[in-house]
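Below is one structure, written out as structure tokens; the observations come after it.
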Amino acid sequence: MDKFWDYFSSEQKFNLFLGEEYCAYDQSPSRKELAAFLLDKIPESLRHRIRNKESLSEISQDLLDLAIFSRSNLIKTVEEFLKNISLDFSCYASILENKRFQSIINMNLFLPLEQEFHEKLHPIFPFSESEKEKTNKLPFYRILGCMTQGDKVFLTSQDIKKLKVLSFYQSFWSQLRKELIERPTILLGMDLENMDVQEILGFLLEEIHYEKQTIYLVTSSSILSSKVASFINKYDIKVLTKNMDSFQEILTKKVVDVQKQFVR
99 MDKFWDYFSS
109 EQKFNLFLGE
119 EYCAYDQSPS
129 RKELAAFLLD
139 KIPESLRHRI
149 RNKESLSEIS
159 QDLLDLAIFS
169 RSNLIKTVEE
179 FLKNISLDFS
189 CYASILENKR
199 FQSIINMNLF
209 LPLEQEFHEK
219 LHPIFPFSES
229 EKEKTNKLPF
239 YRILGCMTQG
249 DKVFLTSQDI
259 KKLKVLSFYQ
269 SFWSQLRKEL
279 IERPTILLGM
289 DLENMDVQEI
299 LGFLLEEIHY
309 EKQTIYLVTS
319 SSILSSKVAS
329 FINKYDIKVL
339 TKNMDSFQEI
349 LTKKVVDVQK
359 QFVR
């Protein structure tokens, strides 16, 4: 990864797409963890209906379809799950200080970064109105919303379907796709084994397949499953075999080096 940066000029900017596996740093639950928690709410006798027991969107939808929860009760149950979780925001300092990143993209439902770093991040939700005023803050795209937004979060498979097809959300997708066309994108901690993640990322990339700039997937494994290999080949994603710890260390070092320049 050290050499990766050397391939670009110091002026080259990137988008950073933070994925599920980055949860190891901030202590927020992954989609798989929440899916397992919600699966326990479905009676054993009905679980055969669920095709993918690791799909948060599918399990959430089944809880509604089986009339086990109303939507408001589903949201409350997820909020209860989050109450005893202590989030750690320190791992984001080096990312937000790194001048190479021009936008941050995220599918995490639970991490209110825009509140913790309100002076640095400009949150953009699918339901956000187009901003007329320019800001110097870093664009922070929250594709699925955040639990702090309550009922506006995109949790179930029907929510995600609406997010993809309703015209109301198209300006959000257009704005986000424009970022991927303007500069390369790094996928960090992206769990491409998760079909929810593949569905959303695939929808984002499909329309700009030949227009987007290069997308790099940071992964600690050089051995990929057939479904992940098929996905990255379809969208021409380049694989960088490096673990997240190394990437995080390099980010921190870059920031420290820049800070040293200012105190000389």
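Residue numbers (this note's numbering): 99 to 362. All residues carry an ideal CB built from backbone N, CA and C; glycine is no exception.
The stretch 137-156 touching the stretch 315-324, judged by at least three CB pairs closer than 8 Å: no
Cβ pair count under 8 Å reaching 3, the stretch 126-136 against the stretch 152-161: yes
Secondary structure of Phe179, DSSP reduced to three states: For the purposes of this step, residue 179 is taken as the residue at position 81 of the sequence shown. Three-state DSSP puts Phe179 in a helix.
Span of the alpha helix (DSSP H) around Val263: Here residue 263 refers to the residue found at position 165 when the sequence shown is read from its first residue. Ser255 to Val263 is the extent of the alpha helix (DSSP H) around Val263.
7 Å Cβ cutoff met for Thr233 and His220: Residue mapping note: residue 233 aligns to position 135 of the sequence shown, counting from 1. Residue mapping note: residue 220 aligns to position 122 of the sequence shown, counting from 1. Closer than 7 Å, so yes.
DSSP beta-bridge partners of Thr312: Here residue 312 is taken as the residue at index 214 of the sequence shown, counted from 1. Paired residue(s): none; Thr312 is not in a bridge.
Beta-carbon proximity of Leu207 to Leu242, cut-off 7 Å: Reading the sequence shown from its first residue, position 109 is the one you call residue 207. Reading the sequence shown from its first residue, position 144 is the one you call residue 242. Their beta carbons are under 7 Å apart, which means Leu207 touches Leu242 by this criterion.
Segment contact flag, the stretch 199-206 with the stretch 115-123, C-beta cutoff 8 Å, min 3 pairs: yes
Arg169, DSSP secondary structure in three states: As a position in the sequence shown, residue 169 is number 71, starting the count at 1. Looking at Arg169 - three-state DSSP - the assignment turns out to be helix.
Check whether Tyr267 and Pro224 have beta carbons under 7 Å apart: Residue 267 sits at position 169 when you count from the first residue of the sequence shown. Residue 224 sits at position 126 when you count from the first residue of the sequence shown. Against a cut-off of 7 Å, the Cβ pair of Pro224 and Tyr267 comes out as a contact.
Segments of 3+ residues assigned as beta strand (DSSP E) that fall wholly inside the stretch 111-169: 112-116
Cβ separation of Lys139 and Leu162, assumed to be a contact under 8 Å, to the nearest whole Å: Mapped onto the sequence shown, residue 139 falls at position 41. Mapped onto the sequence shown, residue 162 falls at position 64. The pair is not a contact, with the Cβ atoms about 11 Å apart (cut-off 8 Å).
Residues near Phe187 in its chain [Cβ-Cβ closer than 6 Å; skip 5 each side]: On the sequence shown, position 89 is the one that residue 187 refers to. Cβ neighbours of Phe187 beyond the five flanking positions: Glu214.
Supposed contact pair Ser323 and Glu291 - C-beta distance, whole angstroms, cut 8 Å: In the sequence shown, counting from the first residue as 1, residue 291 sits at position 193. In the sequence shown, counting from the first residue as 1, residue 323 sits at position 225. Right, their Cβ atoms sit about 6 Å apart.
Outcome for Leu274 when other beta-carbon atoms lying within 10 angstroms are tallied against a minimum of 16: To locate residue 274, count along the sequence shown from 1; it is residue 176. Buried: at least 16 other Cβ atoms inside 10 Å.
Buried versus exposed, by CB contacts within 10 Å (16 or more), Gln359: Position 261 of the sequence shown, counted from the start, is the residue given in the question as residue 359. Unreliable placement is indicated for Gln359, whose pLDDT of 33 sits below 50; the coordinate value is still reported in the next sentence. Residue environment analysis places Gln359 among the exposed positions, since fewer than 16 neighbouring C-beta atoms fall within 10 angstroms of its C-beta.
The alpha helix (DSSP H) enclosing Gln273, as first and last residue numbers: Numbered from its first residue, the sequence shown carries residue 273 at position 175. From DSSP, the alpha helix (DSSP H) with Gln273 extends over Gln268 to Glu280.
heavy atom of the ligand FMN below 6 Å from Ser323 C-beta: Among the components modelled here there is no ligand, and therefore nothing to report on the ligand FMN.
Residues bridged to His216 (per DSSP): Taking the sequence shown and counting its residues from 1, one reaches residue 216 at position 118. Its beta-bridge partners do not exist; DSSP assigns none.
Under the three-state DSSP convention, the category Tyr239 falls into: Position 141 of the sequence shown, counted from the start, is the residue given in the question as residue 239. In the three-state reduction of the DSSP assignment, Tyr239 falls in the strand class, which pools E and B.
Among Lys259, Lys218, Ser265 and Leu211, the one whose alpha carbon lies nearest that of Arg240: Walking along the sequence shown from the start, residue 240 turns up at place 142. Nearest option by C-alpha distance: Leu211.
N-terminal and C-terminal residue of the beta strand (DSSP E) that Asn204 is part of: Indexing the sequence shown from 1 puts residue 204 at position 106. Run containing Asn204: Phe199 to Asn204, per the beta strand (DSSP E) assignment.
Alpha-carbon spacing of Phe199 relative to Pro141, whole angstroms: One-based indexing of the sequence shown puts residue 199 at position 101. One-based indexing of the sequence shown puts residue 141 at position 43. One C-alpha to the other measures close to 45 Å.
Span of the alpha helix (DSSP H) around Leu302: The sequence position of residue 302 within the sequence shown is 204, counting from 1. Unbroken alpha helix (DSSP H) run through Leu302: Met293 to Glu304.
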